[in-house]
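Residue numbers (the numbering used here), protein chains in the order written: chain A, 905 to 1165; chain B, 8 to 320. Data first, discussion second: the structure below is written as structure tokens.
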Ligand SMILES: Cc1cc2nc3c(=O)[nH]c(=O)nc-3n(C[C@H](O)[C@H](O)[C@H](O)COP(=O)(O)OP(=O)(O)OC[C@H]3O[C@@H](n4cnc5c(N)ncnc54)[C@H](O)[C@@H]3O)c2cc1C
Ligand SMILES: Cc1cc2nc3c(=O)[nH]c(=O)nc-3n(C[C@H](O)[C@H](O)[C@H](O)COP(=O)(O)O)c2cc1C
Ligand code: FES
């Protein structure tokens, strides 16, 4: 699969909610090759601190060779990204890793928790290109509060999906876990895609396993390179052997992962 | 030879019998088996590629988390995960043979005999140009003391490897010693054709919120720009202590970094952690060396090796 290193000019910065930002940058080579679920390694600063690139899912590819990332400020690197202004350049490497499987069209459910929403929007858009109406397909989004989630709920709704929301504080939709929403619809589903906190994906994977529904998950680990070179991004696979998230993933079939860890 | 502004610049260097088209190599464990970088880097321009350390049997490595970033550097406790010598020869060499650059295989073991057996298996294989012996590994027979911290053990490993191969042997030194020149002299006496230094410095980081170490292995190896001054000092000391070529490693990311090591006495350098955040670092170092030499009116990189000038007090 092709990979590129591009100095991408930042075109737009949107403040979505406190601490949550969406960046649009011009990266035509990466945009042209990206597949939903793949990620980019972004150099957040050219000084030596922070030193390593940060991984972000491709949130969307838009016309004219642009890509978007959606992120939450959690530390130094994301804080720097949040301070950028349009016109600044971001050195990006991508698209990297193995993305979601989307050859066939079945009845689907996309479950995103927190910033796990990021890759699912790209996935939801690409799935539309198969030409079928997504009205019977579900998107379940979980977040802290209405503030964090309402814009995304509207965006997935505009694509034509049936959208349901859960919030930790009950300010929008179901008050509780996003995976609670899965139970009633699961028997009708043929495929579930999920990205979010590990415990959330574990519950989704277990439910799908019991119902014999094909489930794909997008995992996160600490990554020094994103290229398969440092061997730092390991998690434990279902067979007890280590899996390398950056090259074998970040998207895995749920049954490939050891959910006990 | 390359031509810049009408001037021929010669970047060739020799490490004993090993001839390199330029002194810029990639460090073991930071460049995979080269294929990982093939889409981002012009591999054919590199002086040499040192592959991820290989052991006799595949090793699974340490539990995660294995890497953590620190100020201007990173800690790693990969645990020497690798495909094993057979996996390497069967699955990785074919690609490397197609790369028009020198290939150096980094080896590791838990006994001198294992190092020797590895050297034997890697000798006479088309496409392998030299061995780099990582002696920063624990000697299982000596309760896990690293070979590279004891002159007698380092001597034994070097002799055993030399006895099993006619390839040039580079011994990679550990910085986690009181006097690295003692180790350098020991392996020189044991027949090493060159030394490379430094491997990572042992370090640690703690998450104060959870009161737990940030690495599952508790301790790990520090690398990156943070270690460069220490590495440079050690290279300078070793270059004055031995007469075999010295390869400088540690935090090198730019041509200026590389030049510091060459001036301190290194004949070649290896780029490590920088490959992770700037995959083209080695290529831009090659370009930068040439530009520097042209600006300084030198026609060969060999003119600046060890050319450090220290004013008398
Ligand atoms: C394949 C992949 C895709 C990702 N996509 C997105 C995305 O689309 N949007 C988004 O907001 N984030 C995403 N992340 C997570 C993002 O990379 C981290 O939040 C970011 O690197 C943190 O950098 P920092 O310098 O701000 O924080 P740091 O100062 O490095 O760390 C802050 C805190 O976050 C933890 N942390 C750092 N990196 C990770 C990580 N990779 N996984 C889990 N915990 C981590 C640290 O342990 C620390 O507690 C993704 C991660 C991966 C591996
Ligand atoms: C993730 C990682 C893996 C490494 N693996 C090896 C290895 O297998 N064998 C070895 O001799 N050195 C290994 N090293 C050490 C490097 O080759 C190099 O000596 C060290 O990182 C210092 O150089 P740097 O600061 O440029 O990275 C590794 C370093 C890192 C960061
Ligand atoms: S992040 Fe370096 S190998 Fe996966």
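Backbone N, C-alpha and C fix where the C-beta goes; we use that ideal spot for every residue, glycine too.
Best match in B:144, B:28, B:101 and B:29 for proximity to residue 40 (chain B) [C-alpha to C-alpha]: That would be B:101, whose Cα lies nearest to the Cα of residue 40 (chain B).
Near-chain B residues of the segment 1124 to 1143 of chain A - C-beta to any C-beta below 9 Å: Within the segment 1124 to 1143 of chain A, the residues whose Cβ lies closer than 9 Å to some Cβ of chain B are 1125, 1126, 1127, 1128, 1129, 1130, 1131, 1132, 1133, 1134, 1135, 1136, 1137, 1138, 1139 and 1140, listed in chain order.
Residue 1111 (chain A) - containing alpha helix (DSSP H), residue span: Run containing residue 1111 (chain A): 1102 to 1115, per the alpha helix (DSSP H) assignment.
Buried versus exposed, by CB contacts within 10 Å (16 or more), residue 320 (chain B): With fewer than 16 other Cβ atoms from the protein chains shown falling within 10 Å of its own Cβ, residue 320 (chain B) counts as exposed.
Member of B:314, B:71, B:31 and B:274 whose CA lies at the smallest distance from the CA of residue 1144 (chain A): That would be B:71, whose Cα lies nearest to the Cα of residue 1144 (chain A).
Extent of the continuous beta strand (DSSP E) to which residue 33 (chain B) belongs: Where residue 33 (chain B) is concerned, the enclosing beta strand (DSSP E) starts and stops at 31 to 33.
Proximity test, residue 1136 (chain A) beta-carbon vs ligand 3 heavy atom, cut-off 8 Å: Distances taken from the Cβ of residue 1136 (chain A) to the heavy atoms of ligand 3 include one shorter than 8 Å.
Length of the line joining the Cα atoms of residue 1064 (chain A) and residue 1010 (chain A): Rounded to the nearest angstrom, the two C-alpha atoms are 16 Å apart.
Around ligand 1, Cβ to any heavy atom closer than 5 Å, ordered along the chain: Any residue whose Cβ sits closer than 5 Å to a heavy atom of ligand 1 makes the list: A:943, A:958, A:959, A:960, A:961, A:975, A:976, A:978, A:979, A:980, A:981, A:982, A:1019, A:1022, A:1124 and A:1154.
9 Å Cβ cutoff met for residue 65 (chain B) and residue 274 (chain B): Not a contact, by the Cβ cut-off of 9 Å.
With 16 other Cβ atoms within 10 Å as the buried cut-off, status of residue 109 (chain B): Around the beta carbon of residue 109 (chain B), 16 or more other beta carbons lie within 10 angstroms, which makes this residue buried.
The segment 158 to 176 of chain B touching the segment 207 to 223 of chain B, judged by at least three CB pairs closer than 8 Å: Taking one beta carbon from each stretch, the segment 158 to 176 of chain B and the segment 207 to 223 of chain B have fewer than 3 pairs nearer than 8 Å; the two do not touch.
Continuous beta strand (DSSP E) stretch holding residue 158 (chain B): start and end: Where residue 158 (chain B) is concerned, there is no enclosing beta strand (DSSP E), although the alpha helix (DSSP H) it sits in stretches over 158 to 171.
Cβ-Cβ separation, residue 1006 (chain A) to residue 1031 (chain A) (assumed contact under 8 Å), whole Å: The Cβ separation is near 6 Å, so the contact holds.
CB contact flag (residue 1124 (chain A), residue 999 (chain A), <9 Å): Result no, Cβ atoms of residue 1124 (chain A) and residue 999 (chain A) do not sit closer than 9 Å.
Coarse secondary structure for residue 95 (chain B), derived from DSSP in three states: Looking at residue 95 (chain B) - three-state DSSP - the assignment turns out to be helix.
Those residues which DSSP pairs with residue 58 (chain B) across a bridge: Per the DSSP secondary-structure output, residue 58 (chain B) pairs in a beta bridge with B:112.
Given 8 Å, three or more beta-carbon pairs between the segment 162 to 169 of chain B and the segment 219 to 230 of chain B: Taking a cut-off of 8 Å for Cβ pairs, the segment 162 to 169 of chain B and the segment 219 to 230 of chain B do not touch, as fewer than three such pairs fall below it.
Residue 1048 (chain A) at chain B interface by Cβ criterion, 9 Å: Output row for residue 1048 (chain A): interface = no.
Whole-angstrom C-beta distance between residue 152 (chain B) and residue 178 (chain B), which should lie under 8 Å: Wrong, their Cβ atoms sit about 17 Å apart, outside the cutoff.
Closer than 9 Å to chain B by CB, residue 907 (chain A): Yes, residue 907 (chain A) counts as interfacial toward chain B.
Contact with chain A by residue 19 (chain B), beta-carbon distance below 9 Å: So, not an interface residue.
Among B:239, B:305, B:201 and B:315, the one whose alpha carbon lies nearest that of residue 336 (chain B): Missing from the structure shown is residue 336 (chain B); chain B here goes from 8 to 320 and no further.
Residues from the segment 992 to 1023 of chain A in contact with chain B, defined by Cβ distance under 8 Å: Flagged, chain order: 997.
Residue 1149 (chain A) Cβ short of 8 Å to ligand 3 heavy atom set: Shortest gap from the CB of residue 1149 (chain A) to any heavy atom of ligand 3: under 8 Å.
Best match in B:134, B:234 and B:242 for proximity to residue 313 (chain B) [C-alpha to C-alpha]: The residue from B:134, B:234 and B:242 with its alpha-carbon nearest to that of residue 313 (chain B) is B:242.
Beta carbon proximity, residue 1163 (chain A) to chain B, threshold 9 Å: Look at residue 1163 (chain A): its C-beta is not under 9 Å from any C-beta on chain B.
Contact test: residue 87 (chain B) Cβ vs ligand 2 heavy atom, cutoff 8 Å: Ligand 2 has a heavy atom closer than 8 Å to the beta-carbon of residue 87 (chain B).
Reduced DSSP secondary structure (H/G/I, E/B, other) of residue 926 (chain A): If DSSP states are grouped into helix, strand and coil, residue 926 (chain A) belongs with the strands.
Cβ-heavy atom distance, residue 1130 (chain A) to ligand 3, below 8 Å: It does: the Cβ of residue 1130 (chain A) is within 8 Å (strictly closer) of some heavy atom of ligand 3.
heavy atom of ligand 2 below 8 Å from residue 256 (chain B) C-beta: Because some heavy atom of ligand 2 lies under 8 Å away, the Cβ of residue 256 (chain B) counts as near it: yes.
Separation of residue 1081 (chain A) from residue 1072 (chain A), as counted between CA atoms: Each residue's CA atom was taken as its position, placing residue 1072 (chain A) and residue 1081 (chain A) some 7 Å apart.
Cβ contact check for the segment 246 to 257 of chain B and the segment 181 to 194 of chain B: 3 or more pairs under 8 Å: Taking one beta carbon from each stretch, the segment 246 to 257 of chain B and the segment 181 to 194 of chain B have 3 or more pairs nearer than 8 Å; the two touch.
Length of the line joining the Cα atoms of residue 8 (chain B) and residue 89 (chain B): Per-residue confidence for residue 8 (chain B) stands at a pLDDT of 48, beneath the threshold of 50, marking its modelled position as unreliable; no derived number is given.
DSSP bridge partner residues for residue 1025 (chain A) (one or two, in chain order): Its beta-bridge partners do not exist; DSSP assigns none.
Three-state secondary structure assigned by DSSP to residue 1091 (chain A): Of the three classes helix, strand and coil, the one that applies to residue 1091 (chain A) here is helix, per DSSP.
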